[in-house]
Amino acid sequence: MDAGSSGTKMKTLYWDASSPFDAPVEIGEGLRVKPGISSYQDDLSKVSEMLPLLEQARLNLKEADLDWREVPLFLGATAGMRMLPTSDRMAIMASIRSFFRENGFRVDEDNWVRVLSSADEGAEDWLTLNLSLKTLDVSSSNKNPVGIIDLGGGSVELTYLSKLTLLKNKLIADIADYSWNLYSQGFLYFGNDQARKQHQQKLASSGEPADPCHPIGVNNTGGMPGSSDPEKCKEAVKSILPLDVPCFQLDRTECSMLGEYLPDLVQENVTFYGIGTFGYVWDFMQLAADADLQDLEDKADLICAMNMTELDAYDPGNSYATTYCFAAIYIIQLLTEAYKLPKEGTPLIVGESATWVAGFFIDDMNMLLNDDAYDAGPVVNPMVAEAEVGTSGSSMNIPSWIAVVLLVSYQIFI
1 MDAGSSGTKM
11 KTLYWDASSP
21 FDAPVEIGEG
31 LRVKPGISSY
41 QDDLSKVSEM
51 LPLLEQARLN
61 LKEADLDWRE
71 VPLFLGATAG
81 MRMLPTSDRM
91 AIMASIRSFF
101 RENGFRVDED
111 NWVRVLSSAD
121 EGAEDWLTLN
131 LSLKTLDVSS
141 SNKNPVGIID
151 LGGGSVELTY
161 LSKLTLLKNK
171 LIADIADYSW
181 NLYSQGFLYF
191 GNDQARKQHQ
201 QKLASSGEPA
211 DPCHPIGVNN
221 TGGMPGSSDP
231 EKCKEAVKSI
241 LPLDVPCFQL
251 DRTECSMLGE
261 YLPDLVQENV
271 TFYGIGTFGY
281 VWDFMQLAAD
291 ADLQDLEDKA
301 DLICAMNMTE
311 LDAYDPGNSY
321 ATTYCFAAIY
331 IIQLLTEAYK
341 LPKEGTPLIV
351 GESATWVAGF
361 FIDDMNMLLN
371 DDAYDAGPVV
381 NPMVAEAEVG
391 TSGSSMNIPS
401 WIAVVLLVSY
411 QIFI
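Mapping of the sequence shown onto UniProt numbering: position 399 corresponds to residue 399, and the numbering continues sequentially without gaps.
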């Protein structure tokens, strides 16, 4: 299976700034077109394939008695675009901006159409989820924001509200006059699909005769037969995680993959919501939303030992059934080895659906509400390599915002 950009979705969103802790509301019909914008890499004229999205946005706004030419339009792209060469990314985004403007839409600033960093994507996931759970509302009885682990196809992001003094990977999220200091870290090429590619490529290059994470009776996407061996699968999956890269600490107590700084998550005492691939895996494994990683491993041991006939009997007609062994083992190894979460009693909940769209929308609305945000350029926290999320919302004094938001997502092949 070849992982790539799955397409672009359009949503028209309304946000009442007088109730800033309420999630944005979608108005009108959404629309999705395929393929994704990374397919424009060799032919920029394909940008015209986005025209149906603009036509639907016009229709939504006209039906709401709004002048579509005055409504801001934003586009955010994620891992599929981050994996392209910089020159190709810049050319595609420039073509899209020109196309939107030529069609009369309001794109005041170039960064309204942009590729999100992994850290920004994670922070906007965090905003979206916690808005939906009402954990950011200062008038709510539930004021314990949850963390988020978003395992997509191309990348994985971990974001949470930190209680510690962060040394790196700090982002500041703002809504109205309230701010939250987040830890946000993402790893490109370590989403589920890209990790499986790495796994299969490593097996092939090392001369292994079979894929232990694939069932007996069928070949993996690289043509290698499966061997249905859960223990060898765990070893193979762990081996693709770059856990031994030099870190700033000799004892590596605050180090994740690639030598990246990661606070002690057990000490932080945060409950994490797993989204993206987590939901597919939990459904296939028939696990409760609050199942811990030991529960997942117990079920994965059974699934990974099945041959193709047994797997067909377990879930007849599921064309992705052969991929769930790897996905489950990858989640276990990622969370225990890279993120150092406990296998038993894992502070993890799976089942809440969330994407970064609402957080992305509110992030940009906050920038619009601060007139100086664009004059001065992106606000950069000196502790972070990327622009921080949000700007001061102290000037929020208008009743509502409506915008057209286009989402460019990475396809998850489970």
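From the three backbone atoms N, C-alpha and C, an ideal C-beta is built for every residue, glycine too.
Report yes if the C-beta distance between residue i and residue j is below 8 Å; otherwise report no.
i, j, result
"MET308", "GLY217", "yes"
"GLY152", "GLY276", "yes"
"GLN185", "ALA119", "yes"
"LEU164", "PRO263", "yes"
"PRO242", "MET257", "yes"
"ALA313", "VAL350", "no"
"PHE361", "PHE74", "yes"
"GLU26", "LEU13", "yes"
"ARG106", "PRO72", "yes"
"LEU335", "THR346", "yes"
Please identify the residue among the options whose C-alpha is closest to the C-alpha of residue i.
i, options, result
"LEU171", "LEU151, ASP211, ASP193, LEU127", "LEU127"
"HIS214", "TYR320, LEU262, ILE349, LEU258", "TYR320"
"PHE272", "LEU53, LYS234, ASN130", "ASN130"
"GLY222", "ALA23, GLN198, ASP244", "GLN198"
"LYS34", "ASP292, GLY28, MET50, ASP22", "MET50"
"residue 420", "MET306, GLY30, PRO347, ALA338", "With the chain covering only 1 through 414, there is no way to say anything about residue 420."
"GLY154", "LEU302, MET81, ILE303", "MET81"
"PRO230", "LEU59, ALA328, THR336, LEU66", "ALA328"
"ALA79", "GLU63, ARG114, ASP22", "ARG114"
"GLU337", "ARG89, VAL270, GLY259, CYS304", "GLY259"
"residue 436", "ILE96, PRO342, ALA204", "In this structure the chain extends from 1 to 414, so residue 436 is not present and cannot be described."
"LEU265", "ASP16, LEU341, PRO52, GLN294", "LEU341"
"TRP180", "CYS325, GLY226, GLU124", "GLU124"
"LEU203", "GLY36, LYS232, LYS62, PHE284", "LYS232"
"ASP137", "LEU166, ALA176, TYR40", "ALA176"
"SER239", "GLN41, LYS11, GLY122, TYR330", "TYR330"
DSSP three-state label for residue i, please.
i, result
"SER117", "coil"
"CYS255", "strand"
"LYS34", "coil"
"SER239", "helix"
"ASP292", "coil"
"MET10", "strand"
"ILE324", "Checking the sequence shown, residue 324 turns out to be Tyr, not Ile. TYR324 falls in the helix class under three-state DSSP."
"ILE414", "Unreliable positioning characterises ILE414 in this predicted model, as indicated by a pLDDT of 47, which lies under 50. The coordinate reading is nonetheless provided below. Here ILE414 sits in coil by DSSP."
"PHE21", "coil"
Drop a sphere of 10 angstroms on the beta-carbon of residue i, count the other beta-carbons inside from all chains shown, and report buried for 16 or more, exposed for fewer.
i, result
"GLN249", "exposed"
"GLN267", "exposed"
"GLY207", "exposed"
"SER18", "exposed"
"GLU55", "exposed"
"ALA385", "With a pLDDT of 22 at ALA385, under the threshold of 50, the predicted position of this residue should be treated as unreliable, though the coordinate-derived value follows. Counting Cβ neighbours within 10 Å, ALA385 comes out exposed, since fewer than 16 surround it."
"MET83", "buried"
"GLY226", "buried"
"ASP36", "One point to set straight first is that residue 36 is Gly, not Asp, in the sequence displayed. Under this definition GLY36 is a buried residue."
"PRO24", "buried"
"LEU302", "exposed"
Would a check of beta-carbon distances place residue i closer than 8 Å to chain D?
i, result
"CYS255", "The structure shown contains no chain D; it holds only a single protein chain."
Closer than 7 Å: is that where the CB of residue i sits relative to any heavy atom of the ligand NAP?
i, result
"ILE329", "Ligands are entirely absent from the displayed structure, and the ligand NAP is therefore not among its contents."
Does the region 132 to 139 touch the region 90 to 106, meaning 3 or more C-beta pairs lie closer than 8 Å?
Flag = no, the region 90 to 106 and the region 132 to 139 do not touch.
State whether the region 289 to 303 contacts the region 173 to 193, with contact taken as three or more CB pairs (one from each stretch) at a distance under 8 Å.
Between the region 289 to 303 and the region 173 to 193 there are fewer than three inter-stretch CB-CB distances shorter than 8 Å, so the stretches are not counted as touching.
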